[in-house]
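Structure first, commentary second.
In full-length UniProt numbering, the protein residues as written are 1 to 168.
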């Protein structure tokens, strides 16, 4: 009995390791985009992905034909949503100007290629809201950031009185 369990656990570990080897790079990139961190300097994204992978591993035997990538992506999105809306943080990555909701919709729709209906169902939002968030996020990313306001022009020098004799 123990021998059979050990064999099953070893098989499970090999399958999961193969999944992680194939999907971790893309999932980490998605997590980095969500957190707004720069690639390579992404501790929050790595922690987010680690938690999502742990959730997937815990339910690995119960997947029964379900795509483990979809399951992990869903866990990643849920973890991000729970943390981002409670504790917004300053970001510096390519999507830093977007709100957490906009980043989430943009990553799911454009990077992951998830349909509007699926995104809406996953986030518990109406399809129209997902469409609006997506349009606003794309517009914000494509619009160059505004720089600081130009400094006001120097006031013109006071005119000199014509006809006044210069002091001698």
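Just so it is clear, CB atoms sit at the ideal spot from N, CA and C, and this is done for glycine as well.
{"Query": "With a threshold of 8 Å, are at least 3 pairs of Cβ atoms found where one atom belongs to the segment 39 to 55 and the other to the segment 70 to 83?", "Result": "yes"}
{"Query": "With a CB to CB cut of under 6 Å and the five nearest residues on each side skipped, what residues in its chain are close to residue 143?", "Result": "none"}
{"Query": "Can you grab the Cα-Cα spacing for the pair residue 33 / residue 18, in whole Å?", "Result": "24 Å"}
{"Query": "Whole angstroms are fine: how far does the CA of residue 103 sit from the CA of residue 35?", "Result": "8 Å"}
{"Query": "From residue 13 to residue 48, what does the alpha carbon distance come to, in whole angstroms?", "Result": "21 Å"}
{"Query": "Determine the direct distance from the alpha carbon of residue 127 to that of residue 114, and round the result to whole angstroms.", "Result": "12 Å"}
{"Query": "Identify whether residue 41 lies in helix, strand or coil by the three-state DSSP scheme.", "Result": "strand"}
{"Query": "Out of 123, 133 and 122, which has the shortest C-alpha to C-alpha gap to residue 99?", "Result": "133"}
{"Query": "Less than 9 Å between the C-beta atoms of residue 73 and residue 96, yes or no?", "Result": "no"}
{"Query": "Evaluate residue 109 with the Cβ neighbour count: other Cβ atoms within 10 Å of its Cβ, from every protein chain shown; 16 or more gives buried, anything less gives exposed.", "Result": "buried"}
{"Query": "Which residue comes first and which comes last in the alpha helix (DSSP H) that contains residue 114?", "Result": "Looking at the DSSP string, residue 114 is not in any alpha helix (DSSP H), and its letter there is neither H nor E."}
{"Query": "Quick check on DSSP: helix, strand or coil for residue 22?", "Result": "helix"}
{"Query": "So the alpha helix (DSSP H) residue 137 belongs to, where does it begin and stop?", "Result": "127 to 142"}
{"Query": "Check residue 68 in the structure and name its three-state DSSP category.", "Result": "helix"}
{"Query": "Within 10 Å of its beta-carbon, does residue 76 have 16 or more other beta-carbons around it, so buried, or fewer, so exposed?", "Result": "buried"}
{"Query": "By the three-class DSSP mapping on this structure, what secondary structure does residue 76 have?", "Result": "helix"}
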